[in-house]
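The next block holds one structure in the form of structure tokens; read it before the comments.
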Amino acid sequence: MRSKLVAGNWKMHGSLSSNLALLQAVRDGAKGAAGVAVCVPYPYLAQARSVLDGSTVAWGAQDVSEHDQGAFTGEVSGAMLVDFGCRYVLAGHSERRSFYGDTDAVVAAKFAAALKAGLVPVLCVGESLAEREAGITGEVVTRQIDAVLSLSGVAAFSRAVVAYEPVWAIGTGRTASPAQAQEVHALIRQRFARDSAEVASRLQILYGGSVKPGNAKELFGQPDIDGGLIGGASLVAGDFLAICAAA
Ligand code: 13P
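For the sequence shown, counting from 1, position 205 maps to 420 in my numbering; every step adds exactly one.
Printed below as a string of structure tokens:
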């Protein structure tokens, strides 16, 4: 039996003053709930640690360098994230893939760097609307996963999480139906099962894309959906906590 995980992705939102109330509310409201995390912008990692340390809520970052250290201006290494107590880091969010040139190869390298640093990478995969309409969702998601599998191997996924985020459902209010999401989650699990039935059966596969308090329960009730990666609704404490409760 897999446990559920609900992770917030704040994206580029927040300020020291607005974060404080949000972090405190999540910390206090998530008491006892297993598997809650927030991925905050880099400058707020210290604040997340100071509010969440000792609570059941984990924290993480939204990206990581593929390099360990060196002359890489503007980059942040996995070791630096560990220094700030991060447990999770996103790898290959669709916004990184589409706006910042994170190719499958770059995502695979970032995933490997995160693992090496001791972080739990959350590998994000998902198809665009054009790809879904062309009927190649399975191919796209498999290609994104295969790039990581070929670099890190299936055993790496015993210390990682996968998030299926159809690009057309992110921030659009257009959620994949529970059946549509379940179909892709099952396909993802089958892909891992080809390499290791053991890893596949334990792997947490999160759904992301316009998850709200009103649709979370039905999505999380699907057999291969093990929680969610939450964007917009993670910025509103009451909504995020309601989604956590649904898990
Ligand atoms: P929304 O929940 O705002 O659609 O964002 C999903 C997402 O991209 C989480 O990483």
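Just so it is clear, CB atoms sit at the ideal spot from N, CA and C, and this is done for glycine as well. Note that this is a predicted model, so its numbers are computed, not measured.
- A check of alpha carbon separations from L267 across V291, E290, L235 identifies L235 as the nearest.
- In the DSSP assignment, V376 falls outside any alpha helix (DSSP H) and within the unbroken beta strand (DSSP E) covering 376-379.
- Rounded to the nearest angstrom, the Cβ distance from Y259 to G223 is 12 Å, too far for a contact under 8 Å.
- Under the DSSP definition of a beta bridge, N224 partners with C254.
- Counted as a single uninterrupted DSSP element, the alpha helix (DSSP H) harbouring I458 occupies residues 452-461.
- Taken atom to atom, the span from the alpha-carbon of S218 to that of Q419 is near 8 Å.
- Along the region 301-363, the beta strand (DSSP E) occurs as fully enclosed runs of 3 or more residues at 303-306, 335-340, listed in sequence order.
- A contact between stretches requires three or more CB pairs, one per stretch, nearer than 8 Å, and the region 453-462 meets this requirement with the region 419-438.
- The way I'd put it, the region 358-365 does touch the region 315-330; three or more beta-carbon pairs between them come closer than 8 Å.
- For F326, same chain residues with a beta-carbon under 8 Å away, outside a window of 5 residues either side, are A306, G307, P336, L338, V363, L366, S367, A371, A375 in chain order.
- For the 9 Å CB-CB criterion, E342 and V382 form a contact.
- Under the DSSP definition of a beta bridge, L421 partners with A378.
- For A345 and R389, the gap between their C-alpha atoms comes out near 15 Å.
- Remark: the shortest separation between the CB of I445 and any heavy atom of the ligand 13P falls under 8 Å.
- Distances between the C-beta of H308 and the heavy atoms of the ligand 13P include at least one below 8 Å.
- Inter-residue distance for Q405 and A415 is about 7 Å (C-alpha atoms, whole angstroms).
- Straight-line measurement puts the Cα of M295 at about 15 Å from the Cα of A286.
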